[in-house]
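Residue numbering for the sequence shown follows our numbering, beginning at 95 and increasing consecutively. Everything on this sheet refers to the single structure shown next.
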Amino acid sequence: MPSLTVENYVKTIYQICTNSGGSSASTGKISESLGVSPSTVTSMLKTLSDSQLATYMPYEGVRLTDAGTALALRMLRRHRLIELFLVHSLDMHWDEVHDEAENMEHAVSDQVVDRIEQFLGHPVVDPHGDPIPRADGSVAMPEGQSLASCQEGESFLLARVLDQSSDFLRYLSQTGLSLGVQGRVESNRTEAGTVTVEVAGNQTTLGPAAAAKFLV
Numbered sequence: 095m096p097s098l099t100v101e102n103y104v105k106t107i108y109q110i111c112t113n114s115g116g117s118s119a120s121t122g123k124i125s126e127s128l129g130v131s132p133s134t135v136t137s138m139l140k141t142l143s144d145s146q147l148a149t150y151m152p153y154e155g156v157r158l159t160d161a162g163t164a165l166a167l168r169m170l171r172r173h174r175l176i177e178l179f180l181v182h183s184l185d186m187h188w189d190e191v192h193d194e195a196e197n198m199e200h201a202v203s204d205q206v207v208d209r210i211e212q213f214l215g216h217p218v219v220d221p222h223g224d225p226i227p228r229a230d231g232s233v234a235m236p237e238g239q240s241l242a243s244c245q246e247g248e249s250f251l252l253a254r255v256l257d258q259s260s261d262f263l264r265y266l267s268q269t270g271l272s273l274g275v276q277g278r279v280e281s282n283r284t285e286a287g288t289v290t291v292e293v294a295g296n297q298t299t300l301g302p303a304a305a306a307k308f309l310v
């Protein structure tokens with residue numbers, strides 16, 4: 095059975111590749127995501143390569159094999175279904191569930207995960223709008239565009255939040271920018287580096303980097 099560390103690495107590599115639109119993940123990106131040193135990452139990537147879960151090319155990055163991708167999707171399925179279960183059934187906030195799911199995803203069985211999926215009515219996205227992989231390993235990527243690319247006067251529905259740090263999610267809750275809300279772009283001033291949106295009568299001004307963390 096893969097170790098907890100192996101499971102975390104393949105999941106992280108998959109997410110980096112998916113979010114960046116690339117086929118490989120750099121050592122630096124993995125190091126930043128996991129909060130470990132580049133030398134530690136390099137050592138682990140060699141282990142993944144020896145286990146035929148990934149193909150590691152020094153100075154070029156790492157890409158998952160079919161076996162590595164299957165394991166990553168299995169872990170993401172567990173993680174995202176557990177997050178949704180904690181929000182819907184235990185009334186936890188979306189900024190609280192990530193760390194809990196990180197701990198639980200390595201311990202529950204596939205049978206329990208399948209039961210959670212059935213209990214929740216076979217959901218397609220988690221509390222942050224991330225797609226939930228199916229039991230057969232397939233995953234339907236939701237469509238959407240960056241809020242930063244929306245023009246003045248455009249209406250939007252917030253479909254996904256890419257930055258899922260607790261501080262950012264708490265900030266969103268305070269401003270009313272939660273998943274599924276509808277709003278309108280009041281202005282998108284690239285020269286000033288600001289995007290102003292209105293949700294439920296309240297206006298919020300974001301920088302372009304923050305606006306790019308939303309898919310609508």
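Every residue, glycine too, gets a C-beta built ideally from N, C-alpha and C. Just so you know, these numbers come straight off a predicted model, no measurement behind them.
Of S281, G270, I226, Q276, the smallest CA-CA separation from G247 is found for S281.
For the pair I226 and T299, the Cα-to-Cα distance works out to about 31 Å.
Within the stretch 275-304, the complete beta strand (DSSP E) segments of 3 residues or longer fall at 276-283, 288-293, 296-300, listed in chain order. Every unbroken stretch of the alpha helix (DSSP H) spanning 4 or more residues and falling wholly within the stretch 199-266 is given here in chain order: 204-213. In the DSSP assignment, T141 falls outside any beta strand (DSSP E) and within the unbroken alpha helix (DSSP H) covering 132-144. Taking C-beta separations shorter than 7 Å and ignoring five residues to either side along the sequence, the partners of R264 in its chain run D189, following chain order. Fewer than three beta-carbon pairs drawn from the stretch 197-213 and the stretch 231-251 are found closer than 8 Å, and the two stretches are therefore not classed as touching. I124 is positioned such that its CB atom lies no closer than 8 Å to that of L158. Here the stretch 134-149 lies against the stretch 96-104, with 3 or more beta-carbon pairs under 8 Å apart.
For the set G270, A305, A294, the Cα lying nearest the Cα of T284 is the one of A305. Take P132, set aside five residues on each side of it, and the residues of its chain with a beta-carbon closer than 7 Å to its own are T121, G122, S125, in chain order.
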